[in-house]
Structure formats: C-alpha cells, structure tokens
Amino acid sequence: MELQIVQARLWALKMPLLHPFASSEGTVATKDALLLELTDQSGRRGFGECSAFATPFYTAEFQAGAAAFLQHLVLPRVVGHGYHHPDDFDQQVANWQGNQMAKAAVNCALWDLYAQRQNQPLAKALGGERAAAEAGISLGIQASPAALVEKVAQAVAAGYRRVKVKIKPGHDLADLRAVRAAFPTLMLMADANSAYQLTDAAHLRQLDELRLTMLEQPLAPGDLIEHAALQAQLQTPLCLDESITTLADAQAMVQLQAGKVINLKVARVGGLSAAKQILAFAQQAHLDCWVGGMLDSGVARAASLALATLPGITLPNDLSASTRFYATDIIDPPLTLQGSQMLVPAAAGLGVEINWPYFAQVATLLGDFTMN
C-alpha cells in the first residue's frame with residue numbers, strides 16, 4: 001500500500017540555545033531550522049527537520065534558500081504523490097542538485113510515516129539492532145584552557161565517555177594538552193571545521209602526542225587530495241564531515257585515502273536513505289563511522305538516534321540530551337541521557353510527539369500545501 005501524501009506544512013523555527021556555541025566558523029546563539037509535517041491518506045503525520053543554518057557558513061545551503069526550494073519545487077510535487085518506500089522520494093528528486101538538508105526533511109518525514117504504517121520504531125524500520133546509542137558531546141571553543149577543562153569535567157560527570165572539542169588556530173594545542181593532562185584516558189577528539197591549511201601540517205603533527213581518537217575536518221571540504229596528503233603525515237586518524245555529502249564523496253575519500261572515519265550527518269547527506277547507503281559502503285571499506293548533529297531540535301535528533309542503532313556505527317555519536325542545548329525542546333518527552341547512552345524511543349515512527357504549546361512560541365508557518 002502506498003503512502004499518499006495529502007498535506008504538507010512547513011514552519012521556520014527559531015530556537016534560543018541555552019549557551020552560545022562557538023566553533024572556528026563563528027558563534028551560534030539561536031538555532032534556525034525548518035520543520036516539515038507530512039500527512040498521509042490515513043491521517044498519520046510524519047515529521048522531518050531541515051537543519052540548514054540562517055547563513056551558508058557550514059555548507060552552501062541556508063534556511064531561506066532551503067525554504068524556497070521546498071515551497072516552490074518540492075512540496076507541490078510531494079503532495080498528491082504516492083510512495084511505496086521513502087527511497088522513492090530520492091529517485092523523484094535525483095535530477096535536482098544539492099539542497100541536501102531540504103531533501104533530508106522530506107526523506108525523514110516519509111521514514112517517520114513509513115515506520116508508523118509498519119507499526120515499528122523508526123530504528124527497527126531502518127534495520128537498527130540496538131536499543132540505545134552511545135552518546136558523545138561536542139564542546140565549543142572556550143575562553144581559556146582552564147575553562148575548557150572545567151567544561152570537560154562537567155561532561156564526564158554527566159556520563160559522556162567521548163568528548164569532542166572545537167579548535168582553531170590559537171585555540172588548539174594548549175587547550176587539548178590541558179584536557180589530556182586532566183583526563184589521561186578520556187576518548188578525546190578535535191574538530192577544526194576546516195580552520196587549517198595543508199601548510200599547517202607540521203603544527204598539526206603535534207596532535208599525535210595527545211592520542212586523539214580523531215581529528216575532524218581540518219581542511220576545506222573540497223580538499224580531498226590535501227586531506228590525503230595530511231593523513232599521510234599524521235598518526236592521528238582524520239575524520240571527514242563537511243567533505244562527505246554523497247556516496248560518491250565517501251568513495252573518493254577511500255580511493256584517495258583521505259581519512260579513516262566518517263561523521264555521518266543525516267541532514268548533510270540528504271536524509272536517512274542516503275545515510276544508510278553511505279554507512280553500508282563505509283562498512284565494506286572498513287571505515288569507522290559515527291552520527292553527528294547540527295544543534296538539532298528533538299525531531300532531527302530522534303531521526304539521528306535511530307540511525308545510530310544500525311550496524312556499522314562504531315564510535316560514540318554526537319547525540320546528547322535535549323537539555324544539552326535547549327531549556328525546552330519542541331518534542332515531548334525530550335530525549336535524555338542515561339549513563340553514557342541515549343535510549344531509543346519505543347513508539348512507532350520517530351517515537352516522539354510535538355510539544356505544540358512551546359512549538360507555537362518558536363515556529364512561524366511558511367506554507368500549507370493540500371491536494372486539489
């Protein structure tokens with residue numbers, strides 16, 4: 001039986017963060033995103049999040065552009081269309097280039113509906129094998145090494161076994177050395193968000209002494225050849241994030257030996273269907289994988305949590321509790337950390353409900369599409 005989409009509603013979200021989050025790309029104090037609701041012929045509602053930021057600092061995609069793409073091109077074609085499987089949507093828009101985060105919103109909403117129709121939690125519908133996913137935490141750039149050590153101590157006390165630290169020139173070696181001295185056995189990694197160049201290789205080689213689990217995205221997203229040259233000079237495994245937006249990117253990474261780990265973000269690769277393909281390839285290529293986040297609301301976080309239960313996810317994920325970033329989330333109940341793990345919701349589909357009273361405070365309706 002097909003999923004026939006009879007209505008689509010799109011909102012812009014503006015969610016204040018508990019604390020500003022600083023990386024080499026800048027500081028985010030409010031998370032801008034889009035939320036999509038798809039309703040099928042049985043009245044079921046599926047939700048997907050477009051995680052594009054307000055400006056194109058992370059990728060070329062940004063919120064207003066993604067909203068226009070969805071409103072003017074995608075949603076008029078989705079409403080009234082029938083889908084046997086969420087993968088069908090990817091085929092429907094295969095000739096439209098880029099716009100991965102907008103596509104991810106539709107693909108994830110369809111997966112939510114598909115799992116509800118199967119009366120399965122999304123994790124099981126995807127092929128997940130775990131009831132919980134190992135959680136890690138991402139910490140922004142701090143004012144001093146001492147301030148960073150304090151933040152790491154708080155994270156470890158909260159139960160996180162893996163800590164990721166954002167770095168940039170001037171905020172790297174001293175910060176990481178201070179953390180390693182305070183936590184000799186901690187699973188520690190650094191994320192540069194493309195803040196360095198290949199000419200910084202000698203500087204980055206000093207990271208090898210710190211026994212990092214990985215160094216994430218040190219160079220520009222398009223510089224796979226230079227990442228390969230850097231990896232050849234480092235003992236520390238390189239992890240690619242912004243560089244991997246398609247399966248072809250992952251294949252090129254392996255061919256060029258440009259890294260050893262993939263940060264798999266549902267939004268960045270175009271949805272859960274594409275993420276599953278990349279994960280399957282990574283398993284065959286013996287790459288480590290973990291699931292990353294985008295300062296997500298609970299909707300995208302629940303989808304990422306479901307993905308993190310699949311075989312092939314080999315390292316702790318950037319999947320922290322809802323309260324890590326937000327005083328109140330748009331889902332109910334919020335996602336919580338238990339020990340070092342995030343428990344997967346057991347209800348069908350995403351397994352969470354929208355917190356409509358709070359949602360009304362942070363959301364603006366952009367469009368409502370119905371069948372003629």
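Numbering (our numbering), first residue to last: 1 to 372.
Using N, Cα and C, we set each Cβ at its ideal position, and we do this for glycine too.
Because the structure is a prediction, the values reported are computed rather than measured.
Query                                                                                                                                                                                    : Result
Taking the C-alpha atoms as reference points, what is the distance between residue 109 and residue 37?                                                                                   : 7 Å
If you draw a straight line from the alpha carbon of residue 167 to that of residue 290, how long is it in whole angstroms?                                                              : 19 Å
Just curious, the beta strand (DSSP E) that residue 47 is in, first and last residue?                                                                                                    : 45-50
Does the contact criterion of 3 or more C-beta pairs under 8 Å hold for the stretch 353-365 versus the stretch 331-339?                                                                  : yes
When you compare only the Cα positions, how much space is there between residue 266 and residue 227?                                                                                     : 23 Å
Would you give the residue range spanned by the alpha helix (DSSP H) that residue 167 belongs to?                                                                                        : Careful: residue 167 lies outside any alpha helix (DSSP H) and carries neither H nor E.
Measure the CB-CB distance between residue 243 and residue 224 and report whether it falls below 9 Å.                                                                                    : yes
Flag this pair as yes or no: are the beta carbons of residue 50 and residue 66 separated by less than 9 Å?                                                                               : yes
Please go through the stretch 150-209 and give each complete beta strand (DSSP E) segment of 3 or more residues, from N-terminal end onward.                                             : 162-166, 187-191
What do you get for residue 57, buried or exposed, if any count of 16 or more other CB atoms within 10 angstroms of its CB means buried?                                                 : exposed
Judging by CA-CA distance, which residue of 54, 4, 32, 212 is the nearest neighbour of residue 14?                                                                                       : 32
With residue 137 and residue 171 assumed to form a contact (beta carbons below 8 Å), what rounded beta-carbon distance in angstroms separates them?                                      : Contact doesn't hold; Cβ gap of about 18 Å is too wide.
Which residue's Cα is closest to the Cα of residue 220: 150, 230, 43?                                                                                                                    : 230
Do residue 75 and residue 8 count as a contact pair if the criterion is CB distance below 9 Å?                                                                                           : yes
For the alpha helix (DSSP H) that residue 279 lies in, which residues bound it at each end?                                                                                              : 272-284
Okay, do the stretch 280-287 and the stretch 98-108 touch, 3+ Cβ pairs below 8 Å being the bar?                                                                                          : no
What are the start and end residues of the beta strand (DSSP E) that includes residue 227?                                                                                               : Segment 224-231 is the alpha helix (DSSP H) holding residue 227; no beta strand (DSSP E) there.
Please report the straight-line C-alpha distance between residue 311 and residue 298, rounded to a whole angstrom.                                                                       : 23 Å
Tell me which residues share the same chain as residue 62 and place their Cβ nearer than 8 Å to its Cβ, disregarding the 5 neighbours each side in the sequence.                         : 52, 53, 54, 55, 56
Give the straight-line distance between the Cα atoms of residue 259 and residue 148, rounded to the nearest whole angstrom.                                                              : 27 Å
To which residues does DSSP link residue 239 through a beta bridge?                                                                                                                      : 216, 261
Starting from the Cα of residue 317, find the closest Cα among 347, 184, 135 and give me that residue.                                                                                   : 135
If we require 3 or more residues per run, which beta strand (DSSP E) segments fall completely within the stretch 60-147?                                                                 : 132-134, 136-139
Considering only C-alpha positions, which residue in the set 238, 304, 174 is nearest to residue 111?                                                                                    : 304
Identify the residues that DSSP records as bridge partners of residue 364: which are they?                                                                                               : 12
Might you give, ordered along the chain, the residues of its own chain that have their beta carbon closer than 7 Å to the beta carbon of residue 93, omitting 5 neighbours on each side? : 74, 103
Give the C-beta separation of residue 273 and residue 87 to the nearest angstrom, bearing in mind that I take them to be a contact with Cβ-Cβ under 8 Å.                                 : 5 Å
So the beta strand (DSSP E) residue 249 belongs to, where does it begin and stop?                                                                                                        : Per DSSP, residue 249 belongs to no beta strand (DSSP E); it is in the alpha helix (DSSP H), 247-256.
Confirm, please, whether the CB-CB distance from residue 98 to residue 2 is below 9 Å.                                                                                                   : no
Just grab the DSSP bridge partners of residue 342 for me.                                                                                                                                : 133, 337
When the Cα atoms are used, what is the spatial distance from residue 197 to residue 276?                                                                                                : 31 Å
Please say whether residue 5 and residue 127 have beta carbons closer to each other than 9 Å?                                                                                            : no
Can you tell me where the alpha helix (DSSP H) holding residue 291 begins and where it ends?                                                                                             : Not the alpha helix (DSSP H): residue 291 falls in the beta strand (DSSP E), residues 288-291.
Under a three-way DSSP split, which group does residue 359 fall into?                                                                                                                    : helix
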